[in-house]
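**Student:**
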Amino acid sequence: MSRNRDRDPSSAAPVLYNFRDEIREGLLSQQEKAEQNEGGFYDVEAQQGKRRGCCCTGVREGLKNGWDDVAASFRKAWEFCKSDPRKLMFSVKMGMALSLVSLLMFIHQPYKEISTYSIWAILTVVVVFEFTVGATLSKGFNRGLGTFSAGGLAFGVAELAMCTGNWEPVIFIVSIFTAGAGATFAKLYPKMKPYEYGFRVFLITFCFILVSGYRTRAFIHTAITRFILIVMGATVAFVINGCFYPIWAGEDLHKVIVKNFRGVASSLEGCIDGYLSGIEFERVCSKILTCQAADDPVYNGYRSVVISATQEETLEGFASWEWPHGNYRMMKYPWKQYVKVGGALRHCAYMVMALHGCLLSEIQAPRGLRQIFSNELRRVSAEGANVLRELSNNLDNMTKLRGREILHEVHKAAEELQKKIDTRSYLLVNSESWVIGNRGNIIPSESDDQVEDEERDQLGDLSNSNRQWPHENDRVVNVLSRSWDSHGSHILTRSVSVAEVPEKKFHKQLSWPSQYPIDFDQTATDHRDLDASEKTYESASALSLATFASLLIEFVARLDNLVNSFNELSIQAKFKDPDAILSTETKGICKRLSKLLRL
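Quick note: the sequence shown uses UniProt numbering, first residue 1, plus one each step.
(1) Of the residues 274, 395, 563, which one's Cα is nearest the Cα of residue 328?
(2) Starting from residue 327 and walking both ways along the alpha helix (DSSP H), at which residues does that stretch end?
(3) Report buried or exposed for residue 139, applying the criterion of at least 16 other Cβ atoms within 10 angstroms of its Cβ.
(4) Give me the Cα-Cα distance between residue 112 and residue 236, rounded to the nearest whole angstrom.
(5) Rounded to whole angstroms, how far is the Cβ of residue 322 from the Cβ of residue 250, which I believe are closer than 8 angstroms?
(6) Between which two residues does the alpha helix (DSSP H) carrying residue 250 extend?
(7) Decide yes or no for the touch test of the segment 406 to 417 against the segment 377 to 384: beta carbon pairs closer than 8 angstroms, at least 3 of them.
(8) Just how far apart, CA to CA, sit residue 387 and residue 240?
(9) Within the same chain, show all residues whose beta-carbon is closer than 8 angstroms to that of residue 108, passing over the 5 residues directly before and after it, in chain order.
(10) Can you give me the C-alpha to C-alpha distance between residue 229 and residue 120, rounded to a whole angstrom?
(11) To the nearest whole angstrom, what separates the beta carbons of residue 98 and residue 122, a pair I think is in contact under 8 angstroms?
(12) Do the segment 165 to 176 and the segment 204 to 213 meet, that is, are 3 or more Cβ pairs less than 8 angstroms apart?
(13) Quick check on DSSP: helix, strand or coil for residue 609?
(14) If you follow the alpha helix (DSSP H) that residue 356 is part of, which residue opens it and which one closes it?
(15) In angstroms, rounded to a whole number, what distance separates the CA positions of residue 494 and residue 549?
(16) Which stretch, first to last residue, makes up the alpha helix (DSSP H) that contains residue 371?
(17) Going straight from the alpha carbon of residue 195 to that of residue 142, what length do you get?
(18) For residue 234, I'd like the list of residues in its chain whose CB is within less than 7 angstroms of its CB, leaving aside the five on either flank, ordered along the chain.
(19) Measure the beta-carbon distance from residue 544 to residue 392 and round it to whole angstroms, keeping in mind my assumption that it falls under 8 angstroms.
(20) Can you tell which of 146, 574, 347, 272 has the C-alpha that lies nearest to the C-alpha of residue 560?
(21) Could you tell me which of 136, 297, 420, 76 sits nearest to residue 247, measuring between CA atoms?
(22) Buried or exposed: which applies to residue 193, given that a residue is buried once 16 or more other Cβ atoms fall within 10 Å of its Cβ?
(23) In three-state terms, what does DSSP make of residue 57?
(24) Determine, using beta carbons only, whether residue 253 and residue 294 come nearer to each other than 8 angstroms.
(25) Within the continuous alpha helix (DSSP H) that includes residue 422, where are the two ends?
(26) Which residues share a DSSP beta bridge with residue 399?
(27) DSSP three-state label for residue 428, please.
(28) Could you tell me whether the segment 353 to 373 touches the segment 296 to 303, where touching means 3 or more Cβ pairs closer than 8 angstroms?
(29) Pair every Cβ in the segment 263 to 276 with every Cβ in the segment 217 to 232, then say whether three or more of these pairs are closer than 8 angstroms.
(30) Rounded to whole angstroms, what's the CA-CA distance from residue 407 to residue 326? Just pull it up for me.
(31) Residues in its own chain within less than 8 angstroms of residue 330 by CB, not counting five upstream and five downstream?
(32) Nearest-angstrom Cα distance between residue 352 and residue 190?
(33) What first and last residue would you give for the alpha helix (DSSP H) that runs through residue 215?
(34) Roughly how many whole angstroms lie between the Cα atoms of residue 188 and residue 224?
(35) Is residue 69 helix, strand or coil by DSSP?
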């Protein structure tokens, strides 16, 4: 204390000043320090204004981001409505139906019960009102049938229970158990699947009438009131959904089948183009491996057909409830035949799916080997896609086919591919002892010689130095045909029996060299240096091309069943005759010209 008293007061002031400056400098930001150093003073009001400006800027940015999110949501909703305007109309119709049914709550006299239990009519509209007219009719019928049958059965059980006296609770519990178990078991039966909703309504109504009637003793009144309100709600739903911008399940089924035809055609062409162009995939999308939606257009084309079986059956069930309309002005329209056509198309789509699997496979044939069969493969795919598109157009326009010549070109293309595989089969196997039977009836032509020379030019130069022939007494001609590199090498020894066959008929076979290299990607290697694993891979690579071609030919074979199914549909649905349409159009043009000439 004495030391503090003895200290000069003038010396204590700078110490206090420095301490405050140090605290203030620690609290100031770097920018504030710079401004203080430049200006020589610290403007507190300016800094507070900047802080308020930063807060306002943050609020403005938050509001702007929120508004951008709202605007983006509205844009997405608008795009969604533009993609399918029917969904917007369905929403409007739903609101209209609910508004009309809600008017029942304002009816107080003379039917007070209707106002009290108007919720049943509102619930009926909510449950019954479906996207299509057929679905609405189906659910309405199920709900009405379930309510009517449950009301009658509940009334009978209630009368029986009241006659038993003290056993009334037991009768109620046993009847509820029996009805619940029986209805649940019945709706699981396959043929009762369309009436599943009716069984649910039956259980709800049965239990509701028994439980509420046990307390109020008004079984008949409860059942009749509930049934009337359900009928009123269903009627409003039927009228609004069927009369104002109706959406038909049959029309949706028709469009789904047409779309599936075009999807399979696009996938078929995409598979062939990708296979012949030598597309290589480093890895396959996991969504494709699990049959989920992906961005691959080839995959999406046939996937929509494969997974549409349930959708087609559901639409067919709803379409059978709809009355004649539009282009389907016919009682008992053959909607089931549409499902059969979809099944036949799905049977063809499985082949396209297998072709796409070959395209994604790790084992691929050499690109040069694919080019040998490229013309035939492209023609088969083009003709097959044309058949599918023609069927799609005829189905869309609801016209019959012009006979069976629709399959003539694709069958011809498939036959040419089959012949090319047969004549060039030595390229698709890897065997050192391929024994062939008597080929005496096969005489090479000059055109075959020319094609063979062209293929040799594609595959590589011939090497005639190693030609070796066995002795004449062996009666066997061994022709060592071809070998290529480690990515696609094939060594084939072809043994042909010449017993009882003139020697001149084997001029073509004898003209083949015993061995010549085929360079697809790199310089050919000696076949003796190939190990067993490489030979196995080479054989599988060549066989993959044979598998691909076989799947394409099988696809063509399945088109016959598809065309037959379409013809049955066109007959049952009474499609228009294309010749009659052309004659009608011609007559119409002639009449117009004659009228103009008369004028």
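We treat Cβ as the ideally placed atom computed from N, Cα and C, and that holds for glycine.
**Tutor:** The short version:
(1) Looking up residue 328 in the sequence shown gives position 328. Minimum Cα distance to residue 328 is reached at 395.
(2) Counting from one through the sequence shown, the residue named residue 327 turns up at place 327. Where residue 327 is concerned, there is no enclosing alpha helix (DSSP H), given that its DSSP letter is neither H nor E.
(3) Here residue 139 corresponds to residue number 139 of the sequence shown, with the count starting at 1. With 16 or more Cβ atoms within 10 Å of its Cβ, residue 139 is classed as buried.
(4) The count along the sequence shown starts at 1 and reaches residue 112 at position 112. The count along the sequence shown starts at 1 and reaches residue 236 at position 236. Taking the straight line joining both Cα atoms gives about 20 angstroms.
(5) As a working mapping, residue 322 is identified with position 322 in the sequence shown. As a working mapping, residue 250 is identified with position 250 in the sequence shown. With a Cβ gap of about 6 angstroms, residue 322 and residue 250 count as contacting.
(6) As a first step, residue 250 is located in the sequence shown; it is residue number 250 there, counting from the start. Residues 249 to 276.
(7) Because the criterion of three Cβ pairs below 8 angstroms is met, the segment 406 to 417 and the segment 377 to 384 touch.
(8) Here residue 387 refers to the residue found at position 387 when the sequence shown is read from its first residue. Here residue 240 refers to the residue found at position 240 when the sequence shown is read from its first residue. Their Cα atoms are separated by approximately 42 angstroms.
(9) By 1-based counting over the sequence shown, the position of residue 108 is 108. Same-chain partners within the cutoff: 115.
(10) Reading the sequence shown from its first residue, position 229 is the one you call residue 229. Reading the sequence shown from its first residue, position 120 is the one you call residue 120. Rounded to the nearest angstrom, the gap between the Cα atoms of residue 229 and residue 120 is 6 angstroms.
(11) Position 98 of the sequence shown, counting from 1, holds the residue named residue 98. Position 122 of the sequence shown, counting from 1, holds the residue named residue 122. Right, the Cβ-Cβ distance comes to about 7 angstroms (below 8 angstroms), so this counts as a contact.
(12) yes
(13) Here the chain has residues from 1 to 599 only, and residue 609 is not among them.
(14) Taking the first residue of the sequence shown as position 1, residue 356 is located at position 356. Its alpha helix (DSSP H) spans residues 335 to 359.
(15) Position 494 of the sequence shown, counted from the start, is the residue given in the question as residue 494. Position 549 of the sequence shown, counted from the start, is the residue given in the question as residue 549. Confidence at residue 494 is low in this model, with a pLDDT of 34, below 50, so its placement is unreliable and the value that follows should be read with caution. Straight-line Cα distance between these residues: approximately 23 angstroms.
(16) As a first step, residue 371 is located in the sequence shown; it is residue number 371 there, counting from the start. Where residue 371 is concerned, the enclosing alpha helix (DSSP H) stretches over 367 to 372.
(17) As a first step, residue 195 must be located in the sequence shown, where it is residue number 195. As a first step, residue 142 must be located in the sequence shown, where it is residue number 142. Straight through space, the alpha carbons of residue 142 and residue 195 are spaced by roughly 6 angstroms.
(18) Within the sequence shown, residue 234 is the residue found at index 234, counting from 1. Only 124, 128, 140, 143, 144 meet the Cβ criterion.
(19) In the sequence shown, the residue the question calls residue 544 occupies position 544. In the sequence shown, the residue the question calls residue 392 occupies position 392. Not a contact, Cβ separation roughly 31 angstroms.
(20) Translated into the one-based positions of the sequence shown, residue 560 becomes position 560. For residue 560, the closest C-alpha among the options 146, 574, 347, 272 is that of 347.
(21) Within the sequence shown, numbered from 1, the residue matching residue 247 stands at position 247. Comparing Cα-Cα distances from residue 247 to each of 136, 297, 420, 76, the minimum goes to 136.
(22) By one-based count along the sequence shown, residue 193 stands at place 193. Its Cβ having fewer than 16 others within 10 Å, residue 193 is exposed.
(23) Numbered from 1 along the sequence shown, position 57 holds the residue referred to as residue 57. Residue 57 sits in a helix when the DSSP states are folded into three classes.
(24) One-based indexing of the sequence shown puts residue 253 at position 253. One-based indexing of the sequence shown puts residue 294 at position 294. No, they are not a contact pair.
(25) As a position in the sequence shown, residue 422 is number 422, starting the count at 1. Counting along the chain, the alpha helix (DSSP H) containing residue 422 begins and ends at 408 to 423.
(26) Indexing the sequence shown from 1 puts residue 399 at position 399. For residue 399, which the question treats as bridged, DSSP gives the partners 576.
(27) As a working mapping, residue 428 is identified with position 428 in the sequence shown. Of the three classes helix, strand and coil, the one that applies to residue 428 here is coil, per DSSP.
(28) yes
(29) no
(30) Taking the sequence shown and counting its residues from 1, the one referred to as residue 407 is at position 407. Taking the sequence shown and counting its residues from 1, the one referred to as residue 326 is at position 326. One C-alpha to the other measures close to 31 angstroms.
(31) Working through the sequence shown from its first residue, we reach residue 330 at position 330. 324, 573, 574.
(32) In the sequence shown, residue 352 corresponds to position 352, counting from 1. In the sequence shown, residue 190 corresponds to position 190, counting from 1. Computed Cα separation, rounded: 32 angstroms.
(33) To locate residue 215, count along the sequence shown from 1; it is residue 215. 196 to 216 is the extent of the alpha helix (DSSP H) around residue 215.
(34) Here residue 188 refers to the residue found at position 188 when the sequence shown is read from its first residue. Here residue 224 refers to the residue found at position 224 when the sequence shown is read from its first residue. Rounded to the nearest angstrom, the two C-alpha atoms are 29 angstroms apart.
(35) Counting from one through the sequence shown, the residue named residue 69 turns up at place 69. Three-state DSSP puts residue 69 in a helix.
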